[in-house]
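Numbering (our numbering), first residue to last: 351 to 633.
Right, one structure below, let's go through it.
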Ligand code: MF3
Ligand code: CO
Ligand code: CO
């Protein structure tokens, strides 16, 4: 997801690319490889596994499918995935620390196929999650879907943000504001910024999501990050890892999608139906 451009002025509707049917086909192919990569990883997310080994499996899967990992070389990033555990909000760097029973982890993968970017992430459980972790993950998944279901021509980015925020806050959780979804296509991150809130109070003024109207042929991600505690972010010294300032648990899901004539098309739906944990009883 995007952060430094989250506040940039790239949400003018005229800056948002409108795509053709051939472009949709490119995104379907890329999206299915990205989602297939997460499907492949599902059985390997277990206590004792190092996240760097999951990243290596992702790298091999992506190359085997004649795709490229969009993240390698992206602003100096060196891995095929971001793996963000427990209080890591996003952009966690895969490493040698083994997962423990009860950990929750977001794995985010972006592939390039024929120039098209497929960007998706899901939550995974290592072993048995705690009740709160499970409630957070379920709420985040539902919040993403509340946002997705707003997508149709004539609706606005603000409608998406409000739908997500209402669901998260009804559960007494908070929405991260410093990172947002983004336009996606032949460019990894482009207009528009897709914020996951409708509004929030900033000092004594209210900050609103842009009311940019959606049009058929726009491509973007929806990728809410939801925290158990406060929404505030802290960046670690590695320059990538973003954690909750209050160390509370956090979760995220992400799809790449299009606005269609009467709604939306998800490019990154799971080929195996492994949409959310617990994957053994996915329905
Ligand atoms: N996939 C992330 C997103 O959803 C971006 C990761 S960029 C990286 O936009 F360099 F951190 F990998
Ligand atoms: Co993204
Ligand atoms: Co992503």
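Every residue, glycine too, gets a C-beta built ideally from N, C-alpha and C.
In this text the structure is predicted, and so the values were computed from the model without any measurement.
Based on DSSP bridge pairs, tell me the residues matched to residue i.
i           : result
residue 543 : 532
residue 489 : Answer is none; residue 489 lacks a bridge partner.
residue 455 : 435 and 474
residue 466 : 463
residue 622 : Answer is none; residue 622 lacks a bridge partner.
Taking just the CA atoms, how far does residue j sit from residue i?
i           : j           : result
residue 373 : residue 624 : 26 angstroms
residue 390 : residue 467 : 19 angstroms
residue 583 : residue 593 : 6 angstroms
residue 470 : residue 571 : 8 angstroms
residue 444 : residue 539 : 22 angstroms
residue 585 : residue 439 : 10 angstroms
residue 510 : residue 566 : 16 angstroms
residue 531 : residue 426 : 20 angstroms
Between residue i and ligand 1, is there a pair consisting of the residue's CB and a ligand heavy atom that are separated by less than 7 angstroms?
i           : result
residue 530 : no
residue 464 : no
residue 387 : no
residue 604 : yes
Apply the 10 Å Cβ neighbour rule to residue i and answer buried if 16 or more other Cβ atoms are within range, or exposed otherwise.
i           : result
residue 414 : exposed
residue 573 : buried
residue 375 : exposed
residue 580 : exposed
residue 601 : buried
Hey, is residue i close to ligand 3, as in C-beta under 7 angstroms from one of its heavy atoms?
i           : result
residue 618 : no
residue 405 : no
residue 460 : yes
Quick one: residues in its chain with C-beta nearer than 6 angstroms to the C-beta of residue i, no 5 flanking neighbours on either side, listed in chain order?
i           : result
residue 449 : 397, 399 and 476
residue 620 : 385 and 389
residue 644 : Because the chain spans 351 through 633 in this model, residue 644 falls outside it and cannot be assessed.
Quick one: what's got a C-beta closer than 7 angstroms to residue i's C-beta in the same chain, skipping five residues either side?
i           : result
residue 408 : 387, 391, 430, 431 and 459
residue 627 : 473, 474, 475 and 487
Please find out if some non-hydrogen atom of ligand 2 comes closer than 7 angstroms to the beta-carbon of residue i.
i           : result
residue 469 : yes
residue 421 : no
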